[in-house]
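Report on the structure given below.
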Amino acid sequence: LEKSKEAAGGDKNAHLIVIVNNDHQATLKKGKPFMPAAERCKIVAALRCVDEAFVAVDEDRTCCKSIACITPPPDYFCNGGDQNNNTIPERPVCEELGIALLDGLGDKIQSSSWLIKGGGKGEIKADPNA
Numbered sequence: 001l002e003k004s005k006e007a008a009g010g011d012k013n014a015h016l017i018v019i020v021n022n023d024h025q026a027t028l029k030k031g032k033p034f035m036p037a038a039e040r041c042k043i044v045a046a047l048r049c050v051d052e053a054f055v056a057v058d059e060d061r062t063c064c065k066s067i068a069c070i071t072p073p074p075d076y077f078c079n080g081g082d083q084n085n086n087t088i089p090e091r092p093v094c095e096e097l098g099i100a101l102l103d104g105l106g107d108k109i110q111s112s113s114w115l116i117k118g119g120g121k122g123e124i125k126a127d128p129n130a
């Protein structure tokens with residue numbers, strides 16, 4: 001998230017909005033939510049680099065409808081870790097709204113799947129194979 005904010009060209013007034021997957025999306029992607037969307041959103045919103053966070057309104061695995069809800073449209077849509085903006089389903093809505101796509105903003109350093117794999121005992125695994 002910090003790298004997303006930095007990607008705005010060092011603009012100290014950059015406003016970082018984070019779209020948090022809703023519980024249905026988490027179920028589609030992971031089989032079950034790691035924790036309720038409202039709690040995940042509250043945690044994300046509390047991060048120093050985040051200016052605003054909201055739970056996705058989409059009913060599929062994308063955040064296309066959520067992106068379209070943001071007014072005015074953001075300047076950038078950022079992806080990090082395991083995402084590639086050449087293949088994401090959000091590309092058409094971003095192009096339609098004039099939103100620049102940025103990816104490669106850092107490695108995937110944590111995953112709820114890795115936390116769940118740790119047995120829910122508070123273990124944080126930086127490597128899914130550890």
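Oh and the sequence shown: position 40 is 40 in UniProt numbering, straight run, nothing missing.
Note that CB positions come from ideal geometry on N, CA and C, so glycine has one too.
Does residue i get closer than 8 Å to chain D when you measure Cβ to Cβ?
{"i": "Thr27", "result": "The structure shown contains no chain D; it is built from a single protein chain."}
Roughly how far, in whole angstroms, is the beta-carbon of residue i from the beta-carbon of residue j, given that I think they are within contact range, below 8 Å?
{"i": "Lys65", "j": "Val55", "result": "That pair is no contact at about 12 Å."}
{"i": "Val50", "j": "Val18", "result": "5 Å"}
{"i": "Pro73", "j": "Ile99", "result": "6 Å"}
{"i": "Lys3", "j": "Leu16", "result": "Wrong, their Cβ atoms sit about 11 Å apart, outside the cutoff."}
Express the C-alpha separation of residue j and residue i in angstroms, rounding to a whole number.
{"i": "Ala7", "j": "Leu102", "result": "8 Å"}
{"i": "His24", "j": "Phe34", "result": "12 Å"}
{"i": "Asn22", "j": "Glu90", "result": "16 Å"}
{"i": "Lys42", "j": "Ile67", "result": "19 Å"}
{"i": "Lys30", "j": "Asp60", "result": "13 Å"}
{"i": "residue 136", "j": "Ala14", "result": "Residue 136 is absent from the structure shown; the chain starts at 1 and stops at 130."}
{"i": "Gln83", "j": "Arg48", "result": "23 Å"}
{"i": "Glu96", "j": "Cys63", "result": "14 Å"}
{"i": "Glu52", "j": "Leu1", "result": "12 Å"}
{"i": "Gly104", "j": "Asn86", "result": "11 Å"}
{"i": "Lys32", "j": "Asp75", "result": "32 Å"}
{"i": "Phe77", "j": "Ala37", "result": "21 Å"}
{"i": "Ala26", "j": "Glu39", "result": "13 Å"}
{"i": "Pro92", "j": "Leu28", "result": "22 Å"}
Which of the three DSSP states, helix, strand or coil, is assigned to residue i?
{"i": "Glu39", "result": "helix"}
{"i": "Lys5", "result": "helix"}
{"i": "Leu105", "result": "coil"}
Just to confirm, is the Cβ distance from residue i to residue j under 8 Å?
{"i": "Ile88", "j": "Asn79", "result": "yes"}
_Every unbroken alpha helix (DSSP H) inside the UniProt domain "Cytidyltransferase-like" (13-84) [4 residues or more]_ = Qualifying alpha helix (DSSP H) stretches, in chain order: 23-30, 37-45, 64-69.
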